[in-house]
Structure formats: C-alpha cells, structure tokens
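So the structure is just underneath, and the comments pick up after that.
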Amino acid sequence: MSHAFAIDIFIRVFLFAFIGVAWNLLGGYAQQLSLGHAAYFGLGAYTSTLLLIRAGVSPWIGMVAGGVVAALASLPIGALCFRLRGPYFAIATIGTAQTLMLLFLKFRDFAWGAVGTTIPNLGNSPWMMQFAAKAAYYYIALGLLALGLAVTYWVERSWMGYYLVAVGEDQAAAEAVGVNVPRIKRDIYLISAFLTGLAGTFYTQYIYFIDPNTAFSFNISVEAALVSIVGGIGTLWGPVLGSVLLEPASALAQSWLGGGAHAGVQLALYAVILIVVILWRPTGLLGALTAAYDRIVRAAPAGGPASDGTGILGTGPTVRKGLPLDG
Amino acid sequence: MAEALVVRGLSKRFGGLRAVHDLSFSVPEGQTVALIGPNGAGKTTSFNLITGYYRPDAGSALAFGQELVGLYPYDVCARGLARTFQVARPFGRMTVLANVMTGALLRDRRVTAARERARKAIDFVGLSAKENSPARELSTIDQRRLEVARALATEPRLLLLDEAMAGLNHTEIDQAVGLVKQLSQRGLTIVIVEHVMRAIMAVAQHIVVLDHGQKIAEGSPKEVAENPEVIRAYLGSGGAR
C-alpha cells in the first residue's frame, strides 16, 4: 500500500467523520433522520467553486460563503420538511438533494451543467487551497473534524443538548415543558447544514473537480447517516468511530473490485452493514462498547462508582431501541 | 380573589363528535379545582385545548388575564402553565435528572443552575435516589413522579394534572394526595383531572363535572356528590331509579 493511498484513506476518514458529526447534530441528538445532507455538501461545493472560477475568490473565503449558503438553504427546506415526521421527513430530504442535483444539471450557463468543471491547477498555492503535498489536505480535514467535534461538544453540554435529546425522544412532551420545538430544529439544522457546506468545498478542492452527480451524490447523504448510525447516533465520538471503520473498508473494496462493472458493490456493502447494526446493536458500536464497559467496570462493587449526573443520557443496561425511522 | 384561569365557551368537534361543548369554568388563584366525569366526557380534551395542543373551534381561555387560545404549547408553558399527561411521557433515554433539567432550562439556560433547581424538584417528589437512572427504567408511579417534577421545574403558577393517580394503590394515592396538598399550600393553583374520588374529595375545593363534553354541574365536593344529575351521569339512568 503506497503512502499516498494511506493518506488518501485518512483524509476520507476525517472528511466523512466530519460530515457524520455535522449530520449527527440533527439526525443523532434530535433524531431527525435526514437523508438529504448532500444538498448542503453540494451547495457548499458549488458556492466556493463559482466564486473561485468566476471571481477569483479564495476557496477559504468561498468555504465560509458556501457554509452560509447551505445554512440559508436549510431554512426553507427545513420549514417544508419538518412538517413531516419519521420516514416521511427522511423521504422529503432525499427529494431536496435530488431536486438541487437536477437544477444544477439543467442550468448549464450558470454552473457547467452535467459535464462539470475542473478546478484550475495553480500548483502549490495555499491561499487558493491548493497544495503540492497531500499532507496539507490531511491537516485541513483533521481541522474540520476538530471544529465539528468542538461544536458538538459545546452543544451537548449546553441547554441545546438537553432540548435536542428531548425533541428526539418526544416532541409533544418537550413542548409541554417549554421547548420551542420548531425553533430548536431550525437552529440545529442551520448549524448542521453550515458544517456540511464546509465539507463540500474541501472535497472539491481536494479532487479538483465538480459536477452535480458528485456534489449532490446520494452516497454523501447515506454515508453521513451511516457513519453515525454504525458508530453510535447522538454521541460525540460515534460518527468518528463509524468513519474509522467504514471508510477504509469502502476504499479497499473499491480498489480491489474497481469501479466500472462493480459500481453497486459499495452501496450493497453499506446496506448489509446497516442491516446488521440495526438488528444486532441499534445503539451503534459506541453503545455496545459502553454496555461492555458498564458490565466489566461498574458491575464490581454495588453498582460501582456513582455517575456525577452530568450526562444527559442514562447509562445502565442498554435497552434495544429502534431507530428514528420507527417514529 | 383573582382568577388564575377563566375558560369561556370552549368548544371542540372531532368530525361528528362534540368532544367539548360550550365549556365555561374558572379557577381562582391558589385553589385546587377538579375536573371530573365519565370516560370520554372531554376532560383530557379540555386540557389539550387550554394548553395549546388542540385549537378550539370557539371560546377562550384566559390565564392570569392573558389569552391562551392561539398559543403553542411551549408558549403556554412559558406563561406559567405546566401540565402532565394521562400516560406519562418521560424522555426515556435521558436520566431522571436530565429529564427534570430540561424543564428547569426554561427559566434559566445555564446548565449548572438548572441542575440545582432540578434536584430540588426531584427531591420534592421523592425521586432523589434514582436521579441517575434512565427514565425508561422507572416504575409507573415513579414515571408519574418524574413528570410532576419536570413540570414543577418550569416554575408554573398553574399546574394541570391529568389523571396523575390512575393505577396507583392506596398507599401511593395517599402519598400523591399529600404531594398535591403540599403544592397547594405553597400557593400553587392546581387543576386536576382525576377518577379517584377519594383523592378528589381530599384535595379539591371546587369540582366541575363534565358529561358528553358539557358541564353538567359544579360546586363544592359535597354539593357535587349529592347532585342527582352527577349521580345519573356516573351510574346511568338505571342507577338513579
């Protein structure tokens, strides 16, 4: 395995961990199962690329602009989709990403249509987010992941964390204790979309290419949800664990089987993993590890050390709990 | 005495069913008022109309002089009305403490301050020993206690209890009655929907009787218990012969 290939895998791991972390704020803590985060990934990617090619704006600025565009787009999309619950919400979000993909395919004059465009290669130009050394991309991806984790850490420990989990558990009961459910959903969707937009810019700069099928790919939406669900939804480190596990596996599968004839293999692999996790351990791997830790460490003297009561979620025996799709 | 809650002409239809029809009653500040009636009389529907879960077809509900109709449930709660549900709805994955903190965060967004106040509410309902248990693991009575604590943590001026004592045994009912009386002594106004007559007689100063969505009687516990209309509603016309 070459050095460059290893770095590429690390970059993918960090990138999808970051997208998963962004997804997890809405999909994990508030249990609003979005399958349309590619919408924000694509909007972020197109915003920075359009600014770069049409106006020579640095992708660093374009990245923030892309995040803002994604965040703003989440407002009308959320206003429409949050009217729906459970699986209907998930289906509506798929529709938003697909609609955006079709729009970008149709309007050729605006953004190159189906052929897409390459990012002009300027050699080593840090201000234009282009680097001769692949390691630079590694650090950017790591930085994005750190940002996502810091945001999640802050949200989880603030009032928002309590409100989000309450919304995920029972919206009517949350409203009874004063939680403005529409507002908190809107706010967390905004943050989640902003972060996902940043990932879109980074990815385009990394692969030097953009087209609607890549930028708004359903794969992006699925992986965002998948790394979180496999790792453990509604937890700080769940999406990271999920990405560490899934991304190398999918990269290896791709390199062994090649694209072309086996194009669907990756999705099939995801489907199998998802089914296994949902049937066997719906709380994800982190849930399984926590349960094992509780059995071994806490079981010893009369329940072991008492919790300090700072966590939102109860520990103790892990009860099988369905995914948000159950309603 | 000032009125905490004034309900005027509240009506709600579900298709052909008149769930609540032209309901009027008022709750003076500091009193405990019970809403009673046979199953399907419209008690829970009235709660849902007052607290913003349903939109009434007609009528108004004023709390401390302000209109509640048209508000969302979270706004109703912010105005100082907290409710519990007939079937307890704890946030199952959260600990008892986190459940109650979620209520406490309404008045103060600082987590540490909310934790302090949540602990007081948990202590009041007697759940302190279980504050770190996930709510889903609590027994039915403990889930009801939790719901009362969570509602109290929002610092209400008016508490609406929807059949908080259903399914409890005698000792537990006595405990619950004690709790309601203590809250009342602290000056909290309480509206209680209940089937357990023994509990109602013990806590309510005033009783409103509903049948088929309409008010058929109201008065002191003694007046209501002797009202022939009420006896007919509960026992059917055969029983009143």
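Quick mapping for you: the protein sequence lines, in order, are chains A and B.
Just so you know, my numbering puts 268 at position 261 of the first sequence, and the rest follows in order with no gaps.
Just so you know, my numbering puts 72 at position 58 of the second sequence, and the rest follows in order with no gaps.
Even glycine gets a Cβ: it sits at the ideal position worked out from N, Cα and C.
Best match in the options for proximity to residue i [C-alpha to C-alpha]
i, options, result
"Asp218/A", "Ser81/A, Gly85/A, Ala99/A and Thr125/A", "Thr125/A"
"Ile84/A", "Ala121/A, Gly102/A and Leu112/A", "Gly102/A"
"Ser234/B", "Gly140/B, Ile221/B and Lys134/B", "Ile221/B"
"Leu57/A", "Ala298/A, Arg115/A, Leu149/A and Glu254/A", "Arg115/A"
"Pro70/B", "Pro52/B, Gln219/B, Arg22/B and Ala102/B", "Arg22/B"
"Phe12/A", "Gly74/A, Lys141/A and Ala78/A", "Lys141/A"
"Gln178/A", "Gly93/A, Ile147/A and Thr297/A", "Gly93/A"
"Ile230/B", "Phe39/B, Leu31/B, Phe28/B and Leu19/B", "Phe39/B"
"Leu110/A", "Phe216/A, Val283/A and Asn220/A", "Asn220/A"
"Arg32/B", "Ala18/B, Ile50/B, Gly54/B and Val41/B", "Gly54/B"
"His184/B", "Thr98/B, Val205/B, Arg103/B and Arg212/B", "Arg212/B"
"Tyr146/A", "Tyr213/A, Gly43/A and Leu274/A", "Tyr213/A"
"Ala232/A", "Ser9/A, Ile14/A, Gly43/A and Ser165/A", "Gly43/A"
"Ile155/B", "Ala178/B, Leu49/B, Leu224/B and Tyr67/B", "Ala178/B"
"Arg103/B", "Ala298/A, Tyr210/A, Glu182/A and Ala299/A", "Glu182/A"
"Tyr215/A", "Leu91/A, Gly123/A and Leu79/A", "Gly123/A"
6 Å CB neighbourhood of residue i in its chain, flanking five on each side removed
i, result
"Arg164/B", "Asn113, Val114 and Gly117"
"Leu320/A", "none"
"Ala16/B", "Glu43"
"Tyr47/A", "Ala77, Ala200, Thr203 and Gly204"
"Lys192/A", "Phe89"
"Leu166/B", "Ala135"
"Thr46/B", "Ser198, Ile204, Val217, Ala218 and Gln219"
"Gly334/A", "Only weak support exists for where Gly334/A lies, its pLDDT of 31 falling under 50; the value from the coordinates is given anyway. Here the set comprises Gly93."
Beta-carbon gap between residue i and residue j smaller than 7 Å
i, j, result
"Thr54/A", "Val76/A", "yes"
"Val188/A", "Val174/A", "yes"
"Gly155/A", "Val162/A", "no"
"Ala222/A", "Ala52/A", "yes"
"Arg302/A", "Ala295/A", "no"
"Leu346/A", "Ala97/A", "Since the displayed chain A opens at 8 and closes at 334, residue 346/A lies outside it and no answer follows."
"Leu82/A", "Gly69/A", "no"
"Ser224/A", "Ala45/A", "yes"
"Leu253/A", "Val234/A", "yes"
"Val284/A", "Val247/A", "no"
"Thr168/B", "Gly185/A", "yes"
"Val272/A", "Leu264/A", "yes"
"Ala152/B", "Ala77/B", "Before going further, note that residue 152/B is Leu rather than Ala in the sequence given. Their beta carbons are not under 7 Å apart, which means Leu152/B does not touch Ala77/B by this criterion."
"Arg159/B", "Val139/B", "yes"
"Trp119/A", "Leu119/B", "no"
"Asp225/B", "Gly51/B", "yes"
"Ile187/B", "Val162/B", "no"
"Ile214/B", "Ala48/B", "yes"
"Asn80/A", "Leu91/A", "For clarity, residue 80/A is Ala in the given sequence; the question names Asn instead. No."
"Tyr36/A", "Gly241/A", "yes"
"Ala128/B", "Asp137/B", "no"
N- and C-terminal bounds of the alpha helix (DSSP H) containing residue i
i, result
"Lys144/B", "Looking at the DSSP string, Lys144/B is not in any alpha helix (DSSP H), and its letter there is neither H nor E."
"Arg190/A", "Val188 to Ile214"
"Ile68/A", "Pro66 to Cys88"
"Ser262/A", "Gly245 to Leu264"
"Ala11/A", "His10 to Asn31"
"Asp116/A", "Arg115 to Ala118"
"Arg164/B", "Thr154 to Leu166"
Sequence-distant residues of the same chain with beta carbon closer than 7 Å to residue i, five excluded per side
i, result
"Thr58/B", "Gln100, Asp176 and Val207"
"Val34/B", "Leu24, Ser25, Lys26, Gly56, Thr59, Ser60, Leu63 and Gly227"
"Ala258/A", "Ile16 and Arg19"
"Phe138/A", "Asn131 and Tyr144"
"Ala307/A", "Below a pLDDT of 50, predicted positions are generally treated as unreliable, and Ala307/A, at 48, falls in that range; no measurement from the model is reported."
"Tyr86/B", "Gly66"
Residues near residue i by beta carbon distance below 8 Å, same chain, minus five either side
i, result
"Asn146/B", "Thr109, Val110 and Leu111"
"Pro170/B", "Cys91, Gly94, Leu95, Ala96 and Leu202"
"Met135/A", "Leu59, Ser65, Pro66 and Leu129"
"Ala256/A", "Leu276"
"Ala206/A", "Leu22, Phe25, Ile26, Ala29, Phe48, Gly51 and Leu151"
"Thr159/A", "Val28, Asn31, Leu32 and Leu243"
"Gly30/B", "none"
Unbroken beta strand (DSSP E) run spanning residue i, endpoints
i, result
"Glu17/B", "Glu17 to Phe28"
"Gly233/B", "Gln228 to Gly233"
"Arg97/B", "Leu95 to Arg97"
"Thr203/B", "Thr203 to Val207"
"Asp176/B", "Leu172 to Asp176"
"Phe39/B", "Leu31 to Pro42"
Q | chain A contacts made by the segment 160-193 of chain B, where a contact means CB separation under 8 Å | A | So the close ones are Arg164, Ala165, Ala167 and Thr168.
**Q.** Residues of the segment 155-167 of chain A whose Cβ lies closer than 8 Å to any Cβ of chain B, in chain order
**A.** Listed in sequence order: Arg164, Ser165 and Trp166.
Q: Could you please tell me which residues of the segment 214-236 of chain A, in chain order, have their CB closer than 7 Å to any CB of chain B?
A: Of all residues in the segment 214-236 of chain A, none is placed with a Cβ closer than 7 Å to any Cβ belonging to chain B.
(Q) Please identify, using Cβ separations under 9 Å, the residues of the segment 168-190 of chain A that lie next to chain B, in order along the chain. (A) Here the close residues are Gly168, Tyr169, Tyr170, Val172, Ala173, Gly175, Glu176, Asp177, Ala179, Ala180, Ala181, Glu182, Ala183, Val184, Gly185, Val186, Asn187, Val188, Pro189 and Arg190.
Q | Near-chain A residues of the segment 70-86 of chain B - C-beta to any C-beta below 8 Å | A | Those would be Tyr86, in chain order.
Q) What residues in the segment 276-300 of chain A have a beta carbon less than 7 Å from any beta carbon of chain B? A) Residues are counted here when their Cβ sits less than 7 Å from a Cβ of chain B; for the segment 276-300 of chain A the count is zero.
Q. When you check each C-beta in the segment 81-102 of chain A against every C-beta of chain B, which residues fall closer than 7 Å?
A. Listed by position along the chain: nothing, the set is empty.
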